[in-house]
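Novice: Under numbering that gives the first Met the number 0, the first residue of the sequence shown is numbered 0, with each subsequent residue one higher. A virtual CB, placed ideally from N, CA and C, is assigned to each residue, including glycine. Take a look at the following structure, please.
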Amino acid sequence: MTSQRYRHLLTEQDGATVRITMNRPKSRNSLSAEHLGELRQAFEAAAETKATGIVLAGAGPVFSSGHDFTDMADRDLAGMRELLRLCESLMRTIHAVPQVVIARVHGLAVAAGCQLVATCDLAVAAESAGFALPGGKGGWFCHTPAVPVARSIGRKRLLEMALTGDPIDAATAERWGLVNQVVPDAELDGAVEALLARATCGSRQAKAVGKQTIYAQLDRPEADAYAIATEVMAATSQTPDARERVRAFLEKRPPAFGA
Numbered sequence: 000m001t002s003q004r005y006r007h008l009l010t011e012q013d014g015a016t017v018r019i020t021m022n023r024p025k026s027r028n029s030l031s032a033e034h035l036g037e038l039r040q041a042f043e044a045a046a047e048t049k050a051t052g053i054v055l056a057g058a059g060p061v062f063s064s065g066h067d068f069t070d071m072a073d074r075d076l077a078g079m080r081e082l083l084r085l086c087e088s089l090m091r092t093i094h095a096v097p098q099v100v101i102a103r104v105h106g107l108a109v110a111a112g113c114q115l116v117a118t119c120d121l122a123v124a125a126e127s128a129g130f131a132l133p134g135g136k137g138g139w140f141c142h143t144p145a146v147p148v149a150r151s152i153g154r155k156r157l158l159e160m161a162l163t164g165d166p167i168d169a170a171t172a173e174r175w176g177l178v179n180q181v182v183p184d185a186e187l188d189g190a191v192e193a194l195l196a197r198a199t200c201g202s203r204q205a206k207a208v209g210k211q212t213i214y215a216q217l218d219r220p221e222a223d224a225y226a227i228a229t230e231v232m233a234a235t236s237q238t239p240d241a242r243e244r245v246r247a248f249l250e251k252r253p254p255a256f257g258a
């Protein structure tokens with residue numbers, strides 16, 4: 000993977016990690032249709048690699064300021080539906096890729112930028128980071144960003160963010176469950192690497208199925224969730240990596256998983 004194929008992104012693969020960096024610093028990494036499309040392409044390309052983790056970051060002073068209003072101002076209803084469905088497709092792609100996806104958040108993550116953070120599997124934020132769904136302050140509510148944010152922080156906190164439009168700081172985001180960890184700005188990269196290392200150890204295949212099954216059963220009624228999880232757990236018990244894990248435990252040795 001190289002960054003030359005993208006206009007708005009920098010991408011690189013460093014061993015088992017693919018790094019995708021939004022690179023529109025002058026527009027505060029706002030999400031135009033072209034930018035959203037490139038992000039989706041980059042995640043799809045990463046999914047085809049042997050990488051076990053993906054880091055999503057932003058270049059410049061902020062993580063992402065959300066949708067690019069210059070790309071929205073002249074769109075009619077059909078055009079807006081097309082743009083928002085593209086955004087939804089990106090979010091679904093982040094959930095679908097087999098790798099663990101971690102957001103590296105600095106500065107502000109606003110509206111669709113906050114949506115990106117909530118959609119990633121994991122998130123680490125610098126102490127200076129802030130998060131907001133500012134539509135509540137104006138005439139256009141943050142309907143789509145609210146979808147994954149609600150699933151991260153719960154109804155009452157989502158409504159506070161969405162109705163007031165007020166930003167929350169990184170410590171509040173951690174307390175509410177929007178991010179996993181908050182660290183001093185100078186320690187952000189190290190914290191991202193450490194969490195990613197812990198989250199990607201073990202069988203790559205088991206992790207990929209595990210991630211996708213969690214998203215499949217999340218927010219379903221308990222009986223439906225158990226039906227999905229039970230069938231997947233039974234089926235995956237027959238995989239080589241699962242059998243190796245059992246044998247290694249019984250033989251009191253470290254497991255040797257396949258690639």
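Going by alpha carbons, who is nearest to T316 out of G201, T229 and V100?
Specialist: This structure does not reach residue 316, given that the chain is present from 0 up to 258, and the question cannot be answered.
Novice: Can you tell me which of the three DSSP states H66 falls into?
Specialist: Strand at H66.
Novice: So what does DSSP say about G57, is it helix, strand or coil?
Specialist: In this structure, G57 counts as strand in the three-state DSSP scheme.
Novice: Buried or exposed, going by whether 16 or more other CB atoms sit within 10 Å of the CB of Y5?
Specialist: Buried.
Novice: Give me the Cα-Cα distance between R260 and D218, rounded to the nearest whole angstrom.
Specialist: In the structure displayed, the chain extends from 0 to 258; residue 260 sits before or after that span and is not available.
Novice: State the Cα-Cα distance for the pair V116 and T235, rounded to the nearest angstrom.
Specialist: Each residue's Cα considered, the two are about 30 Å apart.
Novice: Where does the unbroken alpha helix (DSSP H) through G112 begin, and where does it stop?
Specialist: That run of the alpha helix (DSSP H) goes A111 to T118.
Novice: Our contact map puts L264 next to R23 with C-beta atoms below 8 Å; I'd like the distance itself, whole angstroms only.
Specialist: Here the chain comprises residues numbered 0 to 258, so residue 264 is not present and cannot be evaluated.
Novice: Taking the beta strand (DSSP E) that M21 belongs to, which residues open and close that run?
Specialist: Taken as a continuous stretch (DSSP letters only), the beta strand (DSSP E) holding M21 covers T16 to M21.
Novice: Can you check whether the CB of V17 is closer than 7 Å to the CB of A46?
Specialist: No, these two residues do not count as a Cβ contact at 7 Å.
Novice: At which residues does the alpha helix (DSSP H) containing E173 begin and terminate?
Specialist: Element bounds for E173: A169 to W175.
Novice: Provide the residue span of the alpha helix (DSSP H) that contains G189, from first to last.
Specialist: Taken as a continuous stretch (DSSP letters only), the alpha helix (DSSP H) holding G189 covers L187 to T199.
Novice: Should W139 go down as buried or exposed, given a rule of 16 or more other Cβ atoms within 10 Å for buried?
Specialist: W139 is exposed by the Cβ-count criterion.
Novice: Would you mind sorting L8 into buried or exposed? The rule is 16 or more other CB atoms within 10 Å of its CB.
Specialist: That one is buried.
Novice: Short of 8 Å in beta carbon distance, which residues of its chain neighbour V99, apart from the five on each side in sequence? Order them along the chain.
Specialist: Answer for V99: T51, G52, I53, D120, L121, L195, A198, T199, K206 and K210, listed in chain order.
Novice: Our contact map puts A128 next to A145 with C-beta atoms below 8 Å; I'd like the distance itself, whole angstroms only.
Specialist: Incorrect: roughly 19 Å between the Cβ atoms, too far for contact.
Novice: Taking 7 Å as the threshold (C-beta atoms), are V96 and F42 in contact?
Specialist: Closer than 7 Å, so yes.
Novice: Relative to the C-alpha of V208, which candidate in A32, P60, D240 and L83 has its C-alpha closest?
Specialist: Closest option to V208, Cα to Cα, is D240.
Novice: In the DSSP assignment, find the unbroken beta strand (DSSP E) run with T10 in it and report its ends.
Specialist: From DSSP, the beta strand (DSSP E) with T10 extends over L8 to D13.
Novice: Anyone know if the C-beta pair for P147 and G106 falls short of 7 Å?
Specialist: No, they are not a contact pair.
Novice: Can you tell me whether P133 is buried or exposed, with buried defined as 16 or more other CB within 10 angstroms of its CB?
Specialist: Flag for P133 reads buried.
Novice: Taking Cβ to Cβ, would you say H66 is nearer than 7 Å to A111?
Specialist: It is a contact, given that the beta carbons lie within the stated cut-off.
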